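Asks:
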Amino acid sequence: MKPMPVKNKSSIGTDLLLAERLIQLGARPPIVSQLCHLTRKQSIAFFKTVQGQSPKQGMLPHDHQWVIRTALNNIHASLFLSMLEDIRHRLSTPNLSAAILVKAFEIYINVASKILTDRQCIQPRSSQHCPLDINRAWYLISLLSSGDLVFILCGRCHARYLGMIHPDAVFSQCPICDVWTDRSGRRRWITAKSKKLTLNKPRTR
752 MKPMPVKNKS SIGTDLLLAE RLIQLGARPP IVSQLCHLTR KQSIAFFKTV QGQSPKQGML
812 PHDHQWVIRT ALNNIHASLF LSMLEDIRHR LSTPNLSAAI LVKAFEIYIN VASKILTDRQ
872 CIQPRSSQHC PLDINRAWYL ISLLSSGDLV FILCGRCHAR YLGMIHPDAV FSQCPICDVW
932 TDRSGRRRWI TAKSKKLTLN KPRTR
């Protein structure tokens, strides 16, 4: 029987520092446990130590159409995942690590608080007031890796944004160009539901 590999102290210390930073950014124990090689009980106990309270109960975000529900959601998700992919490309690694998630999300929060300020982003540099939190960001990474989300380059503004694969087609609409302003001054974007209905119409032969 082969002996179990023993992690050195520096590796354990690095994992704990990354776990602490993930929790400070709002990550819940299941994500911390997966990325920082901690057990479920260790992650929960560490969360209580860092945050001073018990973690939120219930399932992690899993709405696969969140990205295409509003233009604002799409812009924030596209910004974050673009940064993540750029970091992966620079490091030549396809895998997600705690360090990469922390770095990408910190850059996203910094940029979003400066150039994407919105009513929902009241306090700069605070992930709690932006449409995209780190838990949903972690879920969107899995959608991108599985091919459910794809990057599309807009032919008009040349922005790189996210499209979603539907059973019959790709939901591809630029969140910057393909919007309109209603009489009340609100910027509108076609909803995922209405777009899906259009995509799922039977094809004429």
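Under the working numbering, read the sequence shown as residues 752 to 956, first letter to last. Yeah, the Cβ is synthetic: ideal placement off N, Cα and C, and Gly gets one too. Owing to the predicted nature of the structure, the values given are computational and were not obtained by experimental measurement.
Flag this pair as touching only if the segment 855-865 and the segment 896-914 have three or more C-beta atom pairs under 8 Å; answer yes or no.
Replies: Counting Cβ pairs under 8 Å, fewer than three are found: no touch.
Asks: Out of Y890, F922 and T932, state which residue places its alpha-carbon closest to the alpha-carbon of L811.
Replies: When each option's Cα is compared against that of L811, the closest is Y890.
Asks: Under the rule that 16 or more other beta-carbon atoms within 10 Å means buried, what is I866, buried or exposed?
Replies: Burial call: exposed.
Asks: Of all the options A888, S762, T765 and S935, which has the alpha carbon lying nearest to the alpha carbon of S833?
Replies: Considering only alpha carbons, the answer is A888.
Asks: For R820, which option in G936, C925 and R934 has the closest C-alpha, if you only look at C-alpha atoms?
Replies: Closest option to R820, Cα to Cα, is C925.
Asks: Should the segment 796-811 be regarded as contacting the segment 770-778, the criterion being three or more beta carbon pairs within less than 8 Å?
Replies: The segment 796-811 is in contact with the segment 770-778.
Asks: Helix, strand or coil for M810? Go by DSSP, reduced to three states.
Replies: Note: M810 maps to coil in three-state DSSP.
Asks: Taking the alpha carbon of C908 as the point to measure from, which residue in A822, R937 and D929 has its own alpha carbon closest?
Replies: Of the listed residues, the one whose Cα sits closest to C908 is D929.
Asks: Where does A796 land, buried or exposed, given buried means 16+ other C-beta within 10 angstroms?
Replies: A796 comes out exposed.
Asks: Using only the alpha-carbon positions, how far apart do I774 and I838 sit?
Replies: Rounded to the nearest angstrom, the two C-alpha atoms are 21 Å apart.
Asks: Taking only the alpha-carbon atoms, compute the straight-line gap between Q879 and S893 and give it to the nearest angstrom.
Replies: Only weak support is given to the placement of Q879: the predicted model assigns it a pLDDT of 46, under 50, and the question is left unresolved by the model.
Asks: Inspect the beta-carbon positions of I988 and I885 and report whether they are closer than 9 Å.
Replies: Because the chain here runs from 752 to 956, residue 988 falls outside it and cannot be looked at.
Asks: Could you have a look at L764 and say whether DSSP puts it in helix, strand or coil?
Replies: This sequence places Gly at residue 764; Leu is not what is there. It is helical.
Asks: With C-beta atoms as the reference, is C787 less than 9 Å away from A849?
Replies: Their beta carbons are under 9 Å apart, which means C787 touches A849 by this criterion.
Asks: Measuring only the C-alpha atoms, how far is P734 from E836?
Replies: There is simply no residue 734 to check, as the chain begins at 752 and stops at 956 in what is shown.
Asks: Return helix, strand or coil for L904, following the three-state DSSP convention.
Replies: L904: strand per DSSP, three-state reduction.
Asks: May I ask which residues mark the beginning and end of the beta strand (DSSP E) holding L832?
Replies: Run containing L832: none in the beta strand (DSSP E); it sits in the alpha helix (DSSP H), A822 to L842.
Asks: For T790, which option in I763, G898, G777 and S935 has the closest C-alpha, if you only look at C-alpha atoms?
Replies: For T790, the nearest C-alpha among the options comes from I763.
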